[in-house]
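Participant: I am attaching a structure below and will ask some questions about it afterwards.
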Amino acid sequence: MNDFLAFYNTLEVDKGLIVMLMLMSFFVAIFHTFILIGLYEINLKPKWLFFVLNPLSVGLCSLYDNKLAALVAIALFLSVFVLGIIGMFYAMIRASYQSSKEQSERRKKAGLAKIPLWKKILYSLSGLLFFGFVFTLGVPYFILIVFIILPFLTSIFKPSNKKRFYRIQRTLPTSNIRSVAMGLAEISGTVKMIEPMISRIGTKECIGFLYTIETVSTDKDGKDSYSLEFSETICKPFYVQDKSGQIKVITEGIEFIDFEIDEQYQSSMKRYTQYLLKQNMEVLLIGKASVKENNEPVFEKEEIKNVFGIATVESVDNHNTLRPILQSAGYFTYFWVILIALIFLTPVKLRNNQLEIGKINFDLPFQNSKPVKSLDDFYDNIYDSYESKPEEEIYSQPAVGAEPVPAPEPTSSE
Numbered sequence: 019m020n021d022f023l024a025f026y027n028t029l030e031v032d033k034g035l036i037v038m039l040m041l042m043s044f045f046v047a048i049f050h051t052f053i054l055i056g057l058y059e060i061n062l063k064p065k066w067l068f069f070v071l072n073p074l075s076v077g078l079c080s081l082y083d084n085k086l087a088a089l090v091a092i093a094l095f096l097s098v099f100v101l102g103i104i105g106m107f108y109a110m111i112r113a114s115y116q117s118s119k120e121q122s123e124r125r126k127k128a129g130l131a132k133i134p135l136w137k138k139i140l141y142s143l144s145g146l147l148f149f150g151f152v153f154t155l156g157v158p159y160f161i162l163i164v165f166i167i168l169p170f171l172t173s174i175f176k177p178s179n180k181k182r183f184y185r186i187q188r189t190l191p192t193s194n195i196r197s198v199a200m201g202l203a204e205i206s207g208t209v210k211m212i213e214p215m216i217s218r219i220g221t222k223e224c225i226g227f228l229y230t231i232e233t234v235s236t237d238k239d240g241k242d243s244y245s246l247e248f249s250e251t252i253c254k255p256f257y258v259q260d261k262s263g264q265i266k267v268i269t270e271g272i273e274f275i276d277f278e279i280d281e282q283y284q285s286s287m288k289r290y291t292q293y294l295l296k297q298n299m300e301v302l303l304i305g306k307a308s309v310k311e312n313n314e315p316v317f318e319k320e321e322i323k324n325v326f327g328i329a330t331v332e333s334v335d336n337h338n339t340l341r342p343i344l345q346s347a348g349y350f351t352y353f354w355v356i357l358i359a360l361i362f363l364t365p366v367k368l369r370n371n372q373l374e375i376g377k378i379n380f381d382l383p384f385q386n387s388k389p390v391k392s393l394d395d396f397y398d399n400i401y402d403s404y405e406s407k408p409e410e411e412i413y414s415q416p417a418v419g420a421e422p423v424p425a426p427e428p429t430s431s432e
């Protein structure tokens, strides 16, 4: 507490710095808004609340004391990390609950037994213990592992069908139908109907449809959230035709990707959505080109890569256009996350009204920490993890400016 008061008394804040702090708090409001809406799913009314509240708080405090305004600005900045970390845990718990609920519904529809409660509890405790262990390593390691390493590993080892489709599409050239090679292939062309069918909603004539039912949940703020309860894809065989020829598509196992919504309505806390594949649509397919017994070329599911998707040419073009922008935004985010982690790893001291920046400390924080019985003990451990040095290291350092002085020669009288 004495160190804090000493730091507070040495602060020098002028009017120009107050203006800069108010501007900084305006940018902090962007993060506050996105965190509360995105992670906590709070329906902010009005949306510009923090854009007024943050600068106003700094400005009003400056009328009383400029030093207090600086502390408020620092607190607003630090609150972004606190809200972000807590919100991340909250969002993960909420997503896990919804995913567990959807999985139970799918198993029920498939006639499979429910996952035992003890297994769900065991999975939840394992996840909490893992994140708790990562958090004890310190904030920098927590940020690096949770925001960089885990998302990267998840994208590699647990890719969705949509991601797999677009990843293959980026590297696989589009083949002419007449000269398509047997095996994994990508073709594009116009859909030609062989046999029509009737859609679930609106009794429309089509080639195939994707039909979903979602359960609607409303929170206390009146915002609706949706969890998938039922999904069904039914599609008749059809032809895809380009300038070079046409090929028959065997639709067993086909997946509709990024189709536009044809019909959607909500009733009795359920939302019903329909996507249609219709005559003369321009589409792109990824699957396997093969030949049937009568030497008829067909296009079907590729079992080895486990991919068989169809998307409209327009949606593929939009995805390929937006992907570099989103990828650049991801690199930008990763850069700032790493920079923030390095800032946390760098010891900073205020000595004689000067800011001293030390070397980056890659040692594990809290490795020599004392038992935490209060909030002060927690902050003491943080301070000691960066400031304390072994006692022998301190005493082994030579005194600055000390030089050996020769002893005086003895006189004859002595």
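All the letters of the sequence shown, read from the start, carry residue numbers 19 to 432 under our numbering.
All C-beta atoms, glycine included, are put in the ideal place defined by N, C-alpha and C.
Do L295 and D280 have their C-beta atoms closer together than 7 angstroms?
Facilitator: The answer is no: Cβ separation not under 7 angstroms.
Participant: Considering Q187, what are the terminal residues of the beta strand (DSSP E) in which it resides?
Facilitator: From DSSP, Q187 is part of no beta strand (DSSP E) but of the alpha helix (DSSP H) over N179 to T189.
Participant: Can you name the residues that DSSP bridges to K288?
Facilitator: Answer is T233 and S285, bridged to K288.
Participant: Alpha carbons only, please: which of L94, G145 and I92 is nearest the one belonging to M110?
Facilitator: G145
Participant: Go ahead and pull the three-state DSSP assignment for P383.
Facilitator: Confidence at P383 is low in this model, with a pLDDT of 47, below 50, so its placement is unreliable and no value can be given for it.
Participant: What residue range is occupied by the uninterrupted alpha helix (DSSP H) comprising T364?
Facilitator: No alpha helix (DSSP H) contains T364, which DSSP labels as neither H nor E.
Participant: By DSSP's criteria, A203 is part of a beta bridge. Which residues make up the other side?
Facilitator: Beta-bridge pairing links A203 to G305.
Participant: Using the Cβ count rule (16 or more neighbours within 10 Å means buried), how would you classify I343?
Facilitator: exposed
Participant: Should the region 36 to 55 be regarded as contacting the region 86 to 106, the criterion being three or more beta carbon pairs within less than 8 angstroms?
Facilitator: Flag = yes, the region 36 to 55 and the region 86 to 106 touch.
Participant: So if DSSP puts Q264 in a beta bridge, which residue, or which two residues, is it bridged to?
Facilitator: Q259
Participant: Going by DSSP in three states, E311 sits in which element: helix, strand or coil?
Facilitator: Correct three-state label for E311: coil.
Participant: In angstroms with no decimal places, state the Cα-to-Cα distance between Q282 and F227.
Facilitator: 13 angstroms
Participant: Have a look at I212 and E270 and give me their C-alpha separation to the nearest angstrom.
Facilitator: 15 angstroms
Participant: Under DSSP, the beta strand (DSSP E) around F274 begins and ends at which residues?
Facilitator: From DSSP, the beta strand (DSSP E) with F274 extends over E273 to I275.
Participant: Taking its Cβ as the centre, do 16 or more other Cβ atoms sit within 10 Å of Y159, making it buried, or is it exposed?
Facilitator: buried
Participant: Would you call the region 51 to 67 and the region 239 to 256 touching, i.e. three or more CB-CB distances under 8 angstroms?
Facilitator: They touch, by the three-pair rule.
Participant: Less than 7 angstroms between the beta carbons of L303 and I268, yes or no?
Facilitator: no
Participant: Three-state secondary structure (DSSP) at A113?
Facilitator: helix
Participant: Among R369, K119, A113 and F107, which has the Cα closest to the Cα of N148?
Facilitator: Sequence inspection shows Phe at residue 148; the Asn mentioned does not correspond to that position. Among R369, K119, A113 and F107, the Cα nearest to that of F148 belongs to F107.
Participant: Report the rounded CA-to-CA distance for M287 versus E250, giving the unit in angstroms.
Facilitator: 19 angstroms
Participant: Cutting at 8 angstroms between CB atoms, please list the residues of its own chain near P191, excluding the five before and the five after it.
Facilitator: Counting only Cβ-Cβ distances below 8 angstroms, and skipping sequence neighbours, we find E204.
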